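Trainee: Count along the sequence shown from 1, then add 225; that gives the number in this note's numbering.
Note that CB positions come from ideal geometry on N, CA and C, so glycine has one too.
It should be emphasised that the depicted structure is a prediction, and the values quoted were computed from it without experimental measurement.
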Amino acid sequence: MNTTYGVLNNSSLIVDTDKLRENVRTILRSLPAGTKLIPVVKDDAYGMGMVGVARTLSAFPEIGCFAVANVSEGVTLRREGIRQDILIMGSTLPFQYAPAVECDLTVTVSRLGMVPELAEVCKAQSKPLNVQIKLETGMHRIGVEPGEELAALIGELKAAQEWVHVTGAFSHFAWPGNAEVCEAQYKKLLAGAEQLKAAGIPVPMCHISASESSELFPQYALDAVRIGRRLYMDHPKKPLGNIQEVVSWRSYLTNVKQRRAGDSLAYFGKYVLDKDTVVATVGVGYGDGLNEKLVACHAPVLVGGKRCPLLACCMDQCFVDVTGVEDAKVGDEITFFGYDSDGNFLSSQETANLIGDDEGCGLTSALMHRVARVFH
Numbered sequence: 226m227n228t229t230y231g232v233l234n235n236s237s238l239i240v241d242t243d244k245l246r247e248n249v250r251t252i253l254r255s256l257p258a259g260t261k262l263i264p265v266v267k268d269d270a271y272g273m274g275m276v277g278v279a280r281t282l283s284a285f286p287e288i289g290c291f292a293v294a295n296v297s298e299g300v301t302l303r304r305e306g307i308r309q310d311i312l313i314m315g316s317t318l319p320f321q322y323a324p325a326v327e328c329d330l331t332v333t334v335s336r337l338g339m340v341p342e343l344a345e346v347c348k349a350q351s352k353p354l355n356v357q358i359k360l361e362t363g364m365h366r367i368g369v370e371p372g373e374e375l376a377a378l379i380g381e382l383k384a385a386q387e388w389v390h391v392t393g394a395f396s397h398f399a400w401p402g403n404a405e406v407c408e409a410q411y412k413k414l415l416a417g418a419e420q421l422k423a424a425g426i427p428v429p430m431c432h433i434s435a436s437e438s439s440e441l442f443p444q445y446a447l448d449a450v451r452i453g454r455r456l457y458m459d460h461p462k463k464p465l466g467n468i469q470e471v472v473s474w475r476s477y478l479t480n481v482k483q484r485r486a487g488d489s490l491a492y493f494g495k496y497v498l499d500k501d502t503v504v505a506t507v508g509v510g511y512g513d514g515l516n517e518k519l520v521a522c523h524a525p526v527l528v529g530g531k532r533c534p535l536l537a538c539c540m541d542q543c544f545v546d547v548t549g550v551e552d553a554k555v556g557d558e559i560t561f562f563g564y565d566s567d568g569n570f571l572s573s574q575e576t577a578n579l580i581g582d583d584e585g586c587g588l589t590s591a592l593m594h595r596v597a598r599v600f601h
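1. Got a sec? Which residues, its chain only, sit under 6 Å from G363 by beta carbon, not counting five neighbours each side?
2. Determine, using beta carbons only, whether V293 and I307 come nearer to each other than 8 Å.
3. What is the DSSP secondary structure of L279, counted as helix, strand or coil?
4. State the start and end residues of the unbroken beta strand (DSSP E) segment that holds R532.
5. Taking only three categories from DSSP, how would you classify Y564?
6. How would you call D269, buried or exposed, if buried means at least 16 neighbouring beta carbons within 10 angstroms?
7. Let's see if you can read the secondary structure: which residues bound the alpha helix (DSSP H) around K267?
8. Tell me the rounded alpha-carbon separation between A449 and G512.
9. Tell me whether the region 481 to 495 and the region 453 to 462 touch, counting them as touching only if at least three CB pairs, one residue from each stretch, are closer than 8 Å.
10. Figure out for me which residue from E305, R336, R304 has the closest Cα to the Cα of P319.
11. Go through the region 415 to 473 residue by residue and report every complete run of the beta strand (DSSP E) that reaches 3 residues or more, in order.
12. May I ask you to report which of helix, strand or coil DSSP gives R308?
13. Short check: CB of V356 to CB of V326, under 8 Å?
14. Considering only the beta carbon of each residue, do L360 and L441 sit closer than 8 Å?
15. Residues in its own chain within less than 7 Å of A577 by CB, not counting five upstream and five downstream?
16. I367 and F395: beta carbons closer than 8 Å?
17. Just the C-alpha distance for T560 and R532, rounded to the nearest angstrom, thanks.
18. Among S476, M275, G289, which residue has its Cα nearest to the Cα of L447?
19. Can you tell me whether N578 is helix, strand or coil according to DSSP?
20. Since I313 and R451 are thought to touch, with beta carbons under 8 Å apart, how far apart are those beta carbons, to the nearest angstrom?
21. Could you tell me the alpha carbon to alpha carbon distance between N295 and A344, rounded to whole angstroms?
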C-alpha cells in the first residue's frame, strides 16, 4: 500500500494543477480581449486549498487580483508570499483595519463612515490603503446605493483622498441566470461608476460578473470577471463542456469482509443488509466532510474502477458495498469523486446533483482540515 503523494492523512483531495491552468486559459479565451481575471479563493478556494491555488495561478499576467471573503484570508495569502493585489470582498470591521493596511490588502468600502475610520488607521501607520467601492444594485446584502448615499460617500472619499485610494467599483448579480435581473443590475452598476467618475473619483476596475454569469452573459465582462467555481468544474446543471474537473477525493479500504443478509452496519443498526454483501470499511466519515445525504442516497464511489454504493457512515468511517469488485482488499484505493489512479472518472457534478448542490462547490467546501490537499 502506498500513501498518496507521501501524505499520512486517511484521505486526500488531489488538485491537478495542469488542468487548473488549462481551465484558466479556456476562461481567458472566452472573455473579451483585455478583460482581467479575478480568481475567487475565499473559503480556502472552495475547499481546494487557497494558498496552493493562488500559487498555481500567480504566474498568469491576466490576473487582476485575488478575491477573498475577509481580512483573515487576505493576511494568510500575504504571509504565504502572494504578491498580487488581494481584494477583501466582504465587510471589514474597525478591529480588522490595522492588519488590512499593514498587509496592503484592498478593502471593500460598503457603508458610510468606513472611509474616515480607515483614513485614521492609515495616518497612524503612515501608509495609504487601496479600496474598492461595493455598489448596491439588487442583492441587498452590503453596498452603497447609487444616488444620495453614494454622493455622501464621495464626500468622504474626497476628504480622505491622501490616504484612501479607489481602485475599483463592483457589485454582485443576485440571480446570475436571470437575463432581466442581470441587465437591470448591470445598468445600475454603470450608473454608480459614472457617478463616481463625474465627481472626480477614478474607477480603474469595474466588475460584476462571476462564474455563471460569465458563461451565460459574456457581454457583462467589463474590466474584470470574478471566477470561483468555474476554475475547478463545469456548471452541474448547465455544463458547457469546456471546463475540466481538477480535483479528486481519494482514500483507502481499511477492512473488507463478507457480511450476511440481516447484518446491520454503523450505530443503532442504521443500515441493515438485505442480501449477502461484501462490505468494505473506509477511514472517512462525516467528520471529514462526507455528506450524509450522499450516504442516504447510496451515492456511487469508485473501487477498482467500478462504481460501488455507499451504505452507511459514522464520524470517522464509512461502509461501501464492494461485492462487484474482484479481490477487493485492505489498502485498495477508493475515489469519492474525480479520477482514480488508473484514470477512471466519477464526476463531482453527478455527485453534487444527487444532493441538490446547484453549484457543485458544496462537496469540496465541506471537506475538513484532516483531508490533505495535494497539488501536483
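Mentor: This is what the structure holds:
1. A399, Q410
2. no
3. Here the sequence assigns Ala to residue 279, which means Leu is not the residue at that position. Reduced to three states, the DSSP call for A279 is helix.
4. Segment 531 to 538, the beta strand (DSSP E) holding R532.
5. strand
6. buried
7. Annotation for K267: the continuous alpha helix (DSSP H) segment containing it runs 267 to 271.
8. Taking the straight line from one Cα to the other gives about 38 Å.
9. no
10. Among E305, R336, R304, the Cα nearest to that of P319 is on R336.
11. Runs of the beta strand (DSSP E) inside the region 415 to 473: 449 to 452.
12. coil
13. no
14. no
15. P461, G585, G587, L588
16. no
17. 10 Å
18. G289
19. helix
20. Contact between I313 and R451 does not hold, since their C-beta atoms are separated by about 13 Å, which reaches or exceeds 8 Å.
21. If I take the Cα positions, the gap works out to 19 Å.
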